[in-house]
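First comes the structure, then the notes that go with it.
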Amino acid sequence: MKVIRGNLKGKKGIPRNGLCLGVHRAGIIERRLAKKLNRPLTIWSLRPDNEFLAYDKADFQDRGLSATDNLDEIDDALIFGVRGAPPQVREEAAKRGLEIVADATCPYVVEQEEAAVKFLELGLNLVMLSDPNHHGIPRIRGIAEKLGRPLFIVPTVAEIEDINLTRNEPIGVIVQTTFWIESYKEIIGALLDRFADVHIRNTACIDSLQRLPVVVELARATDAIVIVGWTEGMTTRMVETAKSCTDKVFEIKHPDDLDPAWFRGAQSVGVIGANETPEWMVEETVNRLEALA
Ligand code: SF4
Numbered sequence: 003m004k005v006i007r008g009n010l011k012g013k014k015g016i017p018r019n020g021l022c023l024g025v026h027r028a029g030i031i032e033r034r035l036a037k038k039l040n041r042p043l044t045i046w047s048l049r050p051d052n053e054f055l056a057y058d059k060a061d062f063q064d065r066g067l068s069a070t071d072n073l074d075e076i077d078d079a080l081i082f083g084v085r086g087a088p089p090q091v092r093e094e095a096a097k098r099g100l101e102i103v104a105d106a107t108c109p110y111v112v113e114q115e116e117a118a119v120k121f122l123e124l125g126l127n128l129v130m131l132s133d134p135n136h137h138g139i140p141r142i143r144g145i146a147e148k149l150g151r152p153l154f155i156v157p158t159v160a161e162i163e164d165i166n167l168t169r170n171e172p173i174g175v176i177v178q179t180t181f182w183i184e185s186y187k188e189i190i191g192a193l194l195d196r197f198a199d200v201h202i203r204n205t206a207c208i209d210s211l212q213r214l215p216v217v218v219e220l221a222r223a224t225d226a227i228v229i230v231g232w233t234e235g236m237t238t239r240m241v242e243t244a245k246s247c248t249d250k251v252f253e254i255k256h257p258d259d260l261d262p263a264w265f266r267g268a269q270s271v272g273v274i275g276a277n278e279t280p281e282w283m284v285e286e287t288v289n290r291l292e293a294l295a
């Protein structure tokens, strides 16, 4: 069995370690600050359970870094993590007098928030193309609530029916940073059918635009594909995207999850990591599959 690794090397906006730009950048900020300030630092995170999985978790803990989504657990200083924070959390942190030593929010998340604010300030009704369970929803919902406006979440064409607006009421459409471009083309087409005044801002991040086409290529070129990841944003999109090409899609969180029975009869298998999957985990998965060959 031939094992082919998804080739992300040289893709614009994807660091050499295969992580996404936002996660890679946040890790650098957090480690540098821990070293410079030489004191324990807490990261406020929308997903504290996932915060350090892209790195060596023990190493981060040794550097005095920890993560929480509860401001009550933070005594004096914090860093906002890569996934950002709803405006209400930022305001509460300021009210409590907590020192914000850094904001490691991904620049694409910031861009998405700015697009949402701009649409809302223009008086448009905000529509977000996204899985309703995505960790980024509380941020955008918080922004809409702060400006006293509703937020319509549209994961598929079917949910367009639930938008209780008339044809001529204006809508501003943003997309989840990790959203498969082909599925939102279909949803946007349906929105244009239903509404007369549609404003669109493509807020998908560079990682989605670069990594998902590699998933398609790999899924088409192999008999089965293994996706190593756990994030409900990018990993879910990668699985969804691969399934649009083949039935043989296997999602694992660790090389130990591999089951040799999945690959019986396969001549080739593709392997690719998600945006928070460390390099060693992808390599180990490739090695174990090669050992089966
Ligand atoms: S997946 Fe995209 S939006 Fe999310 S942290 Fe990475 S670069 Fe930023």
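Heads up, the numbering used here is the position in the sequence shown plus 2, with the first residue counted as 1.
Note that beta-carbon positions come from the ideal geometry of N, C-alpha and C, so glycine has one too.
Heavy atom of the ligand SF4 within 7 Å of residue i beta-carbon
{"i": "residue 186", "result": "no"}
{"i": "residue 237", "result": "no"}
{"i": "residue 216", "result": "no"}
{"i": "residue 247", "result": "no"}
{"i": "residue 25", "result": "yes"}
{"i": "residue 111", "result": "yes"}
{"i": "residue 179", "result": "yes"}
{"i": "residue 241", "result": "no"}
{"i": "residue 230", "result": "no"}
{"i": "residue 209", "result": "yes"}
{"i": "residue 84", "result": "yes"}
{"i": "residue 277", "result": "yes"}
Reduced DSSP secondary structure (H/G/I, E/B, other) of residue i
{"i": "residue 133", "result": "coil"}
{"i": "residue 206", "result": "coil"}
{"i": "residue 49", "result": "coil"}
{"i": "residue 184", "result": "helix"}
{"i": "residue 201", "result": "strand"}
{"i": "residue 144", "result": "helix"}
{"i": "residue 4", "result": "strand"}
{"i": "residue 191", "result": "helix"}
{"i": "residue 10", "result": "coil"}
{"i": "residue 276", "result": "coil"}
{"i": "residue 295", "result": "coil"}
{"i": "residue 285", "result": "helix"}
{"i": "residue 260", "result": "coil"}
N- and C-terminal bounds of the alpha helix (DSSP H) containing residue i
{"i": "residue 264", "result": "Segment: none, residue 264 is in no alpha helix (DSSP H) and carries neither H nor E."}
{"i": "residue 16", "result": "Where residue 16 is concerned, there is no enclosing alpha helix (DSSP H), given that its DSSP letter is neither H nor E."}
{"i": "residue 25", "result": "23-39"}
{"i": "residue 313", "result": "This structure does not reach residue 313, given that the chain is present from 3 up to 295, and the question cannot be answered."}
CB-CB length for residue i against residue j, believed under 8 Å
{"i": "residue 252", "j": "residue 226", "result": "7 Å"}
{"i": "residue 4", "j": "residue 270", "result": "4 Å"}
{"i": "residue 309", "j": "residue 217", "result": "What is shown of the chain runs 3 to 295, which leaves residue 309 out entirely."}
{"i": "residue 183", "j": "residue 206", "result": "6 Å"}
{"i": "residue 80", "j": "residue 95", "result": "7 Å"}
Residue i - containing beta strand (DSSP E), residue span
{"i": "residue 160", "result": "Looking at the DSSP string, residue 160 is not in any beta strand (DSSP E), and its letter there is neither H nor E."}
{"i": "residue 150", "result": "No beta strand (DSSP E) contains residue 150, which DSSP labels as neither H nor E."}
{"i": "residue 171", "result": "Residue 171 -> no beta strand (DSSP E), and no H or E assigned at all."}
Which ranges would you report for the beta strand (DSSP E) in the segment 55-141 if only whole runs of at least 3 residues count? 67-70, 79-82, 101-105 and 127-131
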